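The structure under discussion appears below in the form of structure tokens.
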Amino acid sequence: MNQHITSTVVTGSASQVPPDIAEQLGIEILPLKIYVNGKEYLDGIDLSPNDLYQKMRSEKLDVKTAAPSVGQYYECFKNILEQGEPNILCITLSSKLSSDYLSAVNAANMAQEEFQSAKIIVFDSFAACAPQGYLAIEAAHRLHRGESMDSVVSYLDTARQRTGFLAALDTLIYLSQGGRIGKAAFLVGDALQIKPILTLKDGIVAPASIVRKEDRVFPRITSIVKQKTDGYQKLKLSVLHADALERVKRLQTMLNELYPSIEIPILEFTPVMGAHAGPGLVGVGYYYE
């Protein structure tokens, strides 16, 4: 590992990079914003996932989210560059889900004008939550090993095709109301009769599979994960939930049986994403080589 790292990875709180790993690798986490009945909260700082999801279950809330502003990204980039770090690699939420990427690009252009010898690259993960985080963590590891920014970006171009997210939702209503339902829109009318399993395809919410009974959801999710990651040499998995701990433990158990040598942590689904998916979501994120 290099004695001094000259590149800093920046990503958003939607990536769910664990705080201890972010600190260890020097990853800067920029919080996204959540508005609950008009009141602003910062994701992961002053709003807990459990509080939001329980309120969503019991109250009719007006919940909106927002990416960091251009100004917030600019201040973040400026602070890093003023500390003497000449390179920044910013890995954003999918540009098809959020203005996160556009804000970061505009801020990078502003910072680049002020710090002309710096190199700032903004990379669209085409992902969200754990898969976005896996890319950020892997990029930081590679930069720590001394790989160049261009080499890491080239790696990320292919690595984002080897990440994935699968989720079973209690309802599609929240996704539909938030305008992020993408190619799964046609499922809304049949939501009472089916159990859709959703994914992100090219950065857009899309159906991965449709089952008719609840007890078939987790076997189908584990089957898709196994199919997608077949032949892996390296595999990372995490399971996520939005106020559905007992259900996600069942999914974790099934995946542990399939991959006994892999540690599979349980994560609370970030509120900035859960605001659009609604309580009850259970999912899995993966990354493989």
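Residue 547 in our numbering sits at position 147 of the sequence shown, and the numbers go up by one each step. Beta carbons: idealized from backbone N, C-alpha and C, even for Gly. Predicted model only: the values in this text are computed from it and were never measured.
- When the beta-carbon positions are compared, D570 and G683 stay at least 8 Å from each other.
- Shortest Cα-Cα distance from Q532 to any of Y474, V463, I429, P486 involves I429.
- Look at L493 here: in three-state DSSP terms it is coil, with no helix or strand label.
- Look at Y555 here: in three-state DSSP terms it is helix.
- Going by DSSP, P419 is part of the alpha helix (DSSP H) stretching over 419-425.
- N437 sits in coil when the DSSP states are folded into three classes, being neither helix nor strand.
- Residues of the same chain with a CB within less than 6 Å of the CB of S554, apart from the 5 flanking positions on each side, do not exist.
- Rounded to the nearest whole angstrom, the C-alpha separation of V617 and V611 is 7 Å.
- Here the alpha carbon of V625 sits roughly 10 Å from the alpha carbon of L637.
- Under DSSP, no beta-bridge partner is assigned to P431.
- Ranked by how close their Cα comes to the Cα of E440, the residues V672, A507, L556, G426 have V672 in first place.
- Each residue's CA atom was taken as its position, placing K634 and Y688 some 5 Å apart.
- Secondary structure at D643: coil, using DSSP grouped into helix, strand and coil.
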